[in-house]
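Notes follow the structure.
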Amino acid sequence: MIFTNKVSHNARKLALEAARADNIPVMMCHSCGVSTLKDCLKSPSSECPIRK
């Protein structure tokens, strides 16, 4: 899970590259916090995109 508003573009890019190299799915949400995490994990992938 990457909260995109809390990390730099470079950190996001590096995390995605590392995850893709090991075929680990990555979920990204703009907002951060426990409520956002819960909502993102419950919602369909179209609302909280999963990137491979």
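So in my numbering the end of the sequence shown lands on 134, straight run, no missing numbers. Glycine included, C-beta positions come from ideal geometry on N, C-alpha and C.
Please look up how many angstroms separate the CB atoms of residue i and residue j, rounded, as I've assumed it's under 8 Å.
i	j	result
H112	N92	Contact flag wrong, Cβ pair sits at about 17 Å.
Hey, could you find the ends of the beta strand (DSSP E) residue i is sitting in?
i	result
C111	V108 to C111
Between which two residues does the alpha helix (DSSP H) harbouring residue i extend?
i	result
K88	That residue, K88, is in no alpha helix (DSSP H); it is neither H nor E in DSSP.
D42	There is simply no residue 42 to check, as the chain begins at 83 and stops at 134 in what is shown.
Whose CA, out of the options, lies closest to the CA of residue i?
i	options	result
V108	C114, L98 and S117	L98
I84	A103, L96, M110 and R102	M110
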